Amino acid sequence: MTGHPAAFLDLPGGARALVFDEIDSTNQEALRRIRVGEGQNGLWITAKTQTSGRGRRGREWLSARGNFFASVLVKLRIPLARASELSFVAALAAGQSITELIANKGCVSFKWPNDILIDGKKAAGILIESESGLKSKENWVVAGIGINISSAPEEVRYPATFLNNYISDKINENKMLELLSKAWIRSLAVLDEEGFGVVRKLWLNKAEGLAREICVRVGDDDYKGTFEGLGEGGELVLRLADGKKMEIIAGDVTELNL
Ligand code: BTN
41 MTGHPAAFLD LPGGARALVF DEIDSTNQEA LRRIRVGEGQ NGLWITAKTQ
91 TSGRGRRGRE WLSARGNFFA SVLVKLRIPL ARASELSFVA ALAAGQSITE
141 LIANKGCVSF KWPNDILIDG KKAAGILIES ESGLKSKENW VVAGIGINIS
191 SAPEEVRYPA TFLNNYISDK INENKMLELL SKAWIRSLAV LDEEGFGVVR
241 KLWLNKAEGL AREICVRVGD DDYKGTFEGL GEGGELVLRL ADGKKMEIIA
291 GDVTELNL
C-alpha cells in the first residue's frame with residue numbers, strides 16, 4: 041500500500057518532491073521506486089504521516105501529523121562502502137536548516153552518528169538505506185530525515201524536543217522541505233567538491249560530547265571513554281580507560297555527560 045501522491049512540488053535549485061498525505065514509510069517508497077527502475081536522482085519523497093515509519097537499528101519512528109518526514113534519493117557516484125558519508129551530509133543539511141530557523145544558533149548540535157539535538161534533546165534523526173545488486177548495476181542510497189516540528193514523542197530512549205518550541209514564527213512541513221532541500225544541495229556539494237574530510241570537520245564543529253567522557257552501547261555492551269573524534273569513514277573514536285582506542289561503526293551514544 042503506497043497511497044496516492046497528493047502532488048508533485050517544484051523545489052528551489054531544480055529539485056522535485058512527491059508529496060503523500062499518508063504512506064507506510066518515505067524510505068520504503070523511495071526504495072520501491074529504485075527497485076522498479078523508477079529512481080530519480082535528487083527526488084524527495086515526503087508524507088504528512090507514516091504508518092510504518094522506521095528509525096535506526098530496526099526501531100519504529102512515530103510519525104505524528106505536524107512533524108516532517110522525507111527521503112531523498114541519491115544515485116551513488118562514490119563506492120557503496122562510502123554510503124555512510126551521506127548520513128553526515130544529511131545531518132549537516134538538517135542541522136543547517138534547523139539552525140537557520142532558531143535565534144539561538146548555539147543550541148543546535150549533533151549526536152553521533154546522525155541525530156540533531158536542540159538544547160541537548162533529540163529534534164531530528166536520519167536513516168540511511170542503500171540498494172544495490174540491480175540489473176542496472178547502479179548503487180542507490182536513500183537518506184530519510186525525520187524532524188520534530190510541532191510535537192515530540194514521549195516514550196523514547198533519549199529525551200526529545202520539537203522545533204516550534206524554539207521559534208516565534210512557527211513553521212510547517214512545506215517551509216521545512218524548502219530549507220532542507222536547499223541545505224541538502226549545499227552539503228552534497230561540500231562532499232563532492234571538498235571531500236568527506238571537510239564534511240567530517242563541519243560535523244565535529246558542532247558535535248556533542250567531543251573530548252568528554254561518554255557512554256556508547258554496542259550490541260548488549262556499554263563502553264565508556266573519551267570521545268576523541270571521527271574515523272576516516274565516520275566511525276566514533278573512543279579512548280577507553282586502559283588507553284586503548286576503539287573505533288565504533290554502529291551503536292548508540294547513551295550518555296553524553298558522564
Ligand atoms: C533515527 O533517529 O532512528 C532515524 C529516524 C529516521 C526517520 C525518518 S522519517 C522519514 C524517513 N522514513 C522513515 O521511515 N524513516 C525516515
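Heads up: the sequence shown runs through residues 41 to 298, numbered per the working numbering.
Quick reminder that beta carbons are idealized off the backbone N, C-alpha and C, glycines included.
These numbers were taken from a predicted model, which means no experiment stands behind them.
Closer than 7 Å: PHE109 CB and nearest the ligand BTN heavy atom: yes
Closest residue to ALA47 among GLY53, VAL59 and ALA55 (Cα-Cα distance): VAL59
Contact check, ILE187 vs ALA134, beta carbons under 8 Å: yes
Test item: CB-CB of GLY93 and TRP101 under 8 Å: yes
N- and C-terminal bounds of the alpha helix (DSSP H) containing THR139: 125 to 141
Cβ-Cβ separation, ARG72 to THR89 (assumed contact under 8 Å), whole Å: About 18 Å; that fails the 8 Å criterion.
Whole-Å CB distance - GLY209 paired with ARG257, under 8 Å assumed: The sequence given here has Asp at residue 209, not Gly. That pair is no contact at about 38 Å.
Spatially closest choice to LEU242 from SER227, ALA251 and ARG252, by CA coordinates: SER227
Straight-line Cα distance separating SER127 from GLU275: 12 Å
Three-state secondary structure assigned by DSSP to ILE74: helix
Contact test: SER65 Cβ vs the ligand BTN heavy atom, cutoff 7 Å: yes
Identity of the residue in GLN80, ALA251 and LYS151 nearest LYS161 by Cα: LYS151
With 16 other Cβ atoms within 10 Å as the buried cut-off, status of THR139: buried
Distance, ARG122 Cα to GLU234 Cα: 15 Å
Beta bridge counterpart(s) of TYR198 as assigned by DSSP: Answer is none; TYR198 lacks a bridge partner.
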